[in-house]
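Counting along the sequence shown from 1, when you hit position 72 you're at 177 in my numbering, and nothing is skipped either side.
No residue lacks a Cβ here, since even glycine has one placed at the ideal position from N, Cα and C.
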Amino acid sequence: GSSGIGKTTLIQGFLDTLDDDVALVLRGRCYERETVPYQVIDSLVDALTSALLLQPAERLDALLPPDLAVLARQFPALERVPAIARARALLPRDPSEQRRRALRAFAELVWRLAGRRTPVFFVDDLQWSDDDGTGALGDVLRQLATVGALLVASCRSVLGSLAEHPPGRLIELPVEAMPADDAASLASAVLGSKRLAGRFADTIAQESSGVPGFLVEIARATRAGYIAANPSRDSRAGSSAAQGASRPRN
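Put into structure tokens, the structure is as follows:
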């Protein structure tokens, strides 16, 4: 779906339903102007590192797989974990072999940390990943296929490499613009009073084309402008309710 349509908010709602004892959720994000090698894996490694730092030392030693030093060489963020920072190993000279062993170590580390839980990867804005990154992500998912690993991603369209050679079953769920009535209802909630809703809700719904992120911004700006021009008790009515409206993310 397009920017601001609510993809991230929808996915976060799903992830919030997963119990910690059922799923290990690692969250990452890609950025348009970031040029980190294997960007999508790099962001997931950051999440994995944070999870490892919460583990007691005695359990951490049992989690660390072979080739850990190869993985840390590719993704230095892991060296924030003292036990990983101390790991040493001879690195293969062949870059493709180093990549293969690093991704295998990443998949095994996720598998060990998950235990009986299902590994779940959430990647926001996957469309900004490069081919190397999505290819690496596909390799990791194939290695974790036997434990039912799940990838949930927000993107503006399904990426070619994942669509052409999916690592498992691929389900695309388009997120469309809101119907006019729903958009007007959301605008009314953000505006925060019947007076403002009656005057502006339908217009805001039309101007936003039903895109929640844009709608919320227009409604907030409209409410702020009206209150500034009409500083009366009536114009402030319902402002607390409007402040509670959250802005949908991509």
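Note to self: Whether or not the segment 137-153 and the segment 189-203 are in contact is what I'm after, with contact meaning three or more pairs of Cβ atoms, one per stretch, closer than 8 Å; do they touch?
What the structure shows: no
Item checked: Minimum length 4: unbroken alpha helix (DSSP H) runs contained in the segment 169-225 -> 173-179, 187-190, 200-219
Check: With respect to the alpha helix (DSSP H) encompassing Arg132, which residues constitute its N-terminal and C-terminal limits?
Finding: If you look at Arg132, you'll find it isn't in any alpha helix (DSSP H); it sits in the beta strand (DSSP E) that goes 128-134.
Next item on the list: Report, in whole angstroms, the separation of the C-beta atoms of Pro209 and Gln248, which I expect to be a contact under 8 Å.
Entry: Inspection of the sequence shows that residue 209 is occupied by Arg rather than by Pro. In this structure, Arg209 and Gln248 form a Cβ contact; the two beta carbons are roughly 7 Å apart against a cut-off of 8 Å.
Item checked: the segment 239-254 touching the segment 168-183, judged by at least three CB pairs closer than 8 Å -> no
Item checked: chain C contact for Pro271 (CB, 9 Å cutoff) -> Among the protein chains of the structure shown there is no chain C, as only one such chain exists.
Checklist line | Inter-residue spacing [alpha-carbon to alpha-carbon] between Ser314 and Ala326 | finding: 17 Å
Note to self: Using 8 Å for Cβ pairs, my map puts Val228 next to Gly133. What's the rounded Cβ distance?
What the structure shows: 5 Å
Check: Could you give the distance in angstroms between the alpha-carbon of Leu131 and the alpha-carbon of Val225?
Finding: 6 Å
Next item on the list: Please confirm whether Ala310 and Ala292 have their CB atoms less than 9 Å apart.
Entry: yes
Item checked: Nearest-angstrom Cα separation, counted from Thr114 out to Gly303 -> 27 Å
Checklist line | Distance CB(Leu129)-CB(Val257) smaller than 9 Å | finding: no
Margin query: Considering only the alpha carbon of each residue, which of Leu255, Leu275, Leu278 lies closest to Leu120?
Written below: That would be Leu255, whose Cα lies nearest to the Cα of Leu120.
Note to self: Among the candidates Arg221, Arg164, Gln160, Ala207, whose CA atom is the shortest distance from the CA of Arg171?
What the structure shows: First, the amino acid is wrong: residue 171 is Pro here, not Arg. Closest by alpha carbon: Ala207.
Next item on the list: Let me know the secondary structure DSSP gives Val316 once reduced to three states.
Entry: coil
Margin query: Taking the alpha carbon of Val141 as the reference point, which residue from Gly253, Leu165, Leu159, Ala182 has its own alpha carbon closest?
Written below: Ala182
Check: Which residue or residues does DSSP assign as beta-bridge partners of Phe227?
Finding: Arg132, Val257
Next item on the list: State the Cα-Cα distance for the pair Trp233 and Ala288, rounded to the nearest angstrom.
Entry: 29 Å
Item checked: Status (buried if at least 16 other CB within 10 Å, exposed otherwise) for Pro279 -> exposed
Notebook entry, point to check: alpha helix (DSSP H) containing Ile146: first to last residue?
Noted result: 144-158
Notebook entry, point to check: Which residues in the same chain have their Cβ closer than 7 Å to the Cβ of Arg217, if we skip the five residues on either side of it in sequence?
Noted result: Sequence-distant partners of Arg217 (beyond 5 residues in either direction) whose C-beta falls short of 7 Å from its own C-beta, in its chain, are Leu168, Pro170.
Next item on the list: If I'm right that Cys135 touches Leu275 with Cβ under 8 Å, what's the distance once you round it to whole angstroms?
Entry: No, Cys135 and Leu275 are not in contact; Cβ-Cβ is about 18 Å, not under 8 Å.
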